[in-house]
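Q: Take this structure first; my questions come after.
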Amino acid sequence: MEKPKPVTQVAKALAIVTILVMVFVPFLVIISTSFASNREVIANGGWVLWPTHPTLRAYEQVFEGGIVTKALGVSAAVTIIGTLASLACTTFLAYALSRPKVYGGKPILLVVLFTFLFPPGMIPAFLLVKGMGMLESYSALIVPVLINVFNLVVLRGFFQGVPEELYEAARLDGANDWQILWRVVLPLSKAALAVVGLFYAVSYWNAWFHASIYLESDHWPLQQVLRTYVMGGSQIADTGLSDASNVSAPQTMQMAVLVIATVPILIVYPFLQKYFTKGVLTGAIKS
Amino acid sequence: MVPGVAYFLVFHYGAFIGNAVAFKEYVPFDGLWASPWVGFENFDRMFGDPDFWHATWNTLFLAVLQLVFFFPVPLGLALLLHSLTSDLTRRFVQSVVYLPHFLSWVIVVALFQQVLADTGLLNSVLGQAGLHSVDIIGNPDAYPALVVAQVVWKDAGWGTIIFLAALMQVDEQQYEAAAIDGAGPWRRFWHVTLPSIRPVVILLLIMRLGDILSVGFEQMLLQRQSVGPEAGEVLDTFVFWQGIVGGDTGYAAAAGLFKGVVGAILVFAANKVAHRLGEQGVYK
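Protein chains in written order, with full-length UniProt numbering: chain A, 1 to 287; chain B, 1 to 284.
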């Protein structure tokens, strides 16, 4: 093919730079403001693009109070336990549904896919959780969202892609289904497991709505704390988080909480990013 | 397999049966099963409730806006990315634009507030330039535009994945053949690229249609307060407000069920239309 015209080249470059700026600037503002000093933030009217005297004061104050520390612990625990439980249950079901001869496979698959088209609704789901006595329990954040249909379909698609010969060879060696899953299928499906695991982890980490309706405020995970103190406009200082006589500008503390909520995703993201396209696509095409 | 199946039976089908509450006068003390049946009373009340119609109207309005303004963006972005000749640049830009998808709505909304609120980044830049400040957050008139902008910022990049994959599968030889036949870049785009990715575009369009009544529940709920229910109430927040905050359980369930039924009808209809047009659709 012929080379694109210079005008097109420049237009493309401009478009891409604009996109990158639009993604990065909000992050830069948040991070910079969280490190800025009280005086600088006030002089600047609430935000800083590049702190001249970076300080960790806001972070110290946020952690001193205990609310954020506790919420961080809740979020981390829910994310880890939830992701492991979801990943295990999804894997088992996806494996069973990926085998052609499993008993009742077809109807079960339809039953599962149907929920994707016609979800039960918020009120019945709420009543069910309440009826099962899971209010005020962390299990309410995990059990009702244990398996995600999309993730299930992705994994099932991946398992179906494992060559049939491998199953047969393993059977001849006398392996049962558990051994095949553990020794043959899973090692071949690392990319898909990584993607699905990441999707689960992100959704557990980001969840706040269920916590807001099922849990009391002293058990909230980080996102819900963030929602209340950063978006709801409640001053963190008003809640006994820190000594009222010695607070930094509320903005810096809000930004610090925002950064704390975002950082785990930024840390995990680069490691798993390379698997996305592969994992998402196997699922999307097969479905 | 048992835990998985049990999960779906209990939390989807079990909850589904709970929709029966839409036909009841829910008394918390009696629980779901002992509460008295009231037939279609909740629905009658709902159809006579201006607030309900208001929420429905907002839902449809925002949904159509998103369909018109959001849906083409990932496609355009994918075409742009696909046309990049440098592999390294493309991968880098891709990883950057995927990123916002992984942030929670709480963070996204907070980011937007930091940039666009009264004292935010945009207004202080405008102020320093001696211009009028604009109130975007908390302004009901600007709300639809704000909501669409947030969705674009968060998910446009992520949406490119599937289009990019479709573009990768376009046969190189078709481009070459078209080029030999004398087709310029635009003609090649029109006659080779677009037809090749048409099935994927239609598939995604149908899936969005089915989802059209769920215009970003979390996003709306987070911002309903700052713009007020007049502009910010959609069906999902209506259900939440009536049922979970207000305790009017049967009534809210009726509204939720209405939403679910209409959504499902939309998917069936869209799929039918796709079949008529000779496309595969979501299912056969």
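Where a beta carbon is used, it is the ideal one built from N, C-alpha and C, also for glycine. For clarity, every value in this text was computed on a predicted model and none was experimentally measured.
Taking only runs that begin and end inside the region 227-254 of chain B, name each unbroken alpha helix (DSSP H) of 4 or more residues, in chain order.
A: 229-232, 235-239
Q: Quick check on residue 326/B: buried or exposed, where buried means 16 or more other Cβ atoms within 10 Å of its Cβ?
A: Examination of residue 326/B is not possible in this model, given that chain B is present from 1 through 284 alone.
Q: Mind listing, in chain order, the continuous alpha helix (DSSP H) runs of no fewer than 4 residues lying wholly within the region 20-69 of chain A?
A: Whole alpha helix (DSSP H) segments, 4+ residues: 38-44, 57-65.
Q: Contact between the region 52-63 of chain B and the region 191-201 of chain B: three or more CB pairs below 8 Å?
A: no
Q: Does the count of Cβ pairs from the region 193-205 of chain A and the region 107-123 of chain A closer than 8 Å reach three?
A: no
Q: Counting Cβ pairs closer than 8 Å, one from the region 118-137 of chain A and one from the region 162-180 of chain A, do we hit at least three?
A: no
Q: By a C-beta neighbour count over all protein chains shown, 10 Å radius and 16 as the cutoff for buried, is residue 136/B buried or exposed?
A: buried
Q: If you compare alpha carbons, which of 174/B, 102/B, 84/B is closest to residue 264/A?
A: Checking every option, the nearest Cα to that of residue 264/A belongs to 102/B.
Q: What residues in the region 194-211 of chain A have a beta carbon less than 7 Å from any beta carbon of chain B?
A: 202, 206, 208, 209
Q: At a Cβ threshold of 8 Å, is residue 100/B touching chain A?
A: Yes, because at least one Cβ of chain A sits closer than 8 Å to the Cβ of residue 100/B.
Q: From the beta carbon of residue 240/B, is the nearest beta carbon of chain A less than 8 Å away?
A: Cβ-Cβ to chain A under 8 Å: yes for residue 240/B.
Q: Can you tell me which of 166/A, 5/A, 194/A puts its alpha carbon nearest to the alpha carbon of residue 273/A?
A: 194/A
Q: Beta carbon of residue 79/B, beta carbon of residue 94/B: below 8 Å?
A: no
Q: Can you tell me which of the three DSSP states residue 142/B falls into?
A: coil
Q: Tell me which residues of the region 162-180 of chain B have at least one Cβ-Cβ distance to chain A shorter than 9 Å, keeping chain order.
A: Per Cβ criterion, the list reads 162, 164, 165, 175, 176, 179.
Q: From which residue to which residue does the alpha helix (DSSP H) around residue 74/B run?
A: Looking at the DSSP string, the run of the alpha helix (DSSP H) that includes residue 74/B is 72-82.
Q: Rounded C-beta distance between residue 147/A and residue 90/A? I'm assuming under 8 Å.
A: 5 Å
Q: Counting C-beta neighbours from all protein chains within 10 Å, is the total for residue 236/A 16 or more, i.e. buried, or is it exposed?
A: Summary for residue 236/A: the model assigns pLDDT 47, below 50, so the residue's position carries little reliability; its value from the coordinates is reported in the next sentence. Looking at its Cβ environment, which holds 16 or more other Cβ atoms inside 10 Å, residue 236/A is buried.
Q: Tell me whether residue 44/B sits in a helix, a strand or coil according to DSSP, three-state version.
A: Under the three-state reduction of DSSP, residue 44/B is assigned to helix.
Q: Give the residues from the region 255-274 of chain A that approach chain E closer than 7 Å (Cβ to any Cβ), ordered along the chain.
A: You won't find chain E in this structure, because its protein chains are A and B.
Q: Go through its chain and collect everything with a Cβ distance to residue 241/A's Cβ below 7 Å, but skip five positions before and after it.
A: For residue 241/A, the predicted structure reports a pLDDT of 43, less than 50, and the residue's modelled location is therefore unreliable. The matter cannot be settled from this model.
Q: When you compare the CB of residue 126/A with every CB in chain B, is at least one pair closer than 8 Å?
A: yes
Q: What number of angstroms, rounded off, separates the C-alpha of residue 217/A from the C-alpha of residue 214/B?
A: 27 Å
Q: Can you tell me which of the three DSSP states residue 224/A falls into?
A: helix
Q: Does the contact criterion of 3 or more C-beta pairs under 8 Å hold for the region 24-34 of chain A versus the region 212-228 of chain A?
A: no
Q: Could you confirm whether any beta carbon from chain B is found closer than 8 Å to the beta carbon of residue 161/A?
A: no
Q: Taking C-beta pairs closer than 9 Å, name the residues in chain A that residue 150/B reaches, listed in chain order.
A: Here the premise fails: no neighbours, minimum Cβ distance about 11 Å.
Q: Does any C-beta atom of chain A lie closer than 8 Å to the C-beta of residue 83/B?
A: yes
Q: Express the C-alpha separation of residue 260/A and residue 112/A in angstroms, rounding to a whole number.
A: A direct Cα-Cα distance of roughly 36 Å separates residue 112/A from residue 260/A.
Q: Compare the C-beta of residue 100/A with all C-beta atoms of chain B and state if any pair is closer than 8 Å.
A: no
Q: By DSSP, does residue 123/A sit in helix, in strand, or in coil?
A: DSSP places residue 123/A in helix when its eight states are reduced to three.
Q: Nearest by alpha-carbon distance to residue 160/B: which of 268/B, 225/B, 96/B is it?
A: When each option's Cα is compared against that of residue 160/B, the closest is 96/B.
Q: Report the CB separation of residue 229/A from residue 78/A in whole angstroms; it is logged as a contact under 8 Å.
A: With a Cβ gap of about 19 Å, residue 229/A and residue 78/A do not count as contacting.
Q: How would you write the range of the alpha helix (DSSP H) that residue 204/A sits in, first residue to last?
A: Segment 190-206, the alpha helix (DSSP H) holding residue 204/A.
Q: Give the interface partners of residue 23/A over in chain B, defined as CB-CB distance under 9 Å, in chain order.
A: 96, 97, 99, 100, 153, 157
Q: List the endpoints of the continuous alpha helix (DSSP H) containing residue 169/B.
A: Careful: residue 169/B lies outside any alpha helix (DSSP H) and carries neither H nor E.
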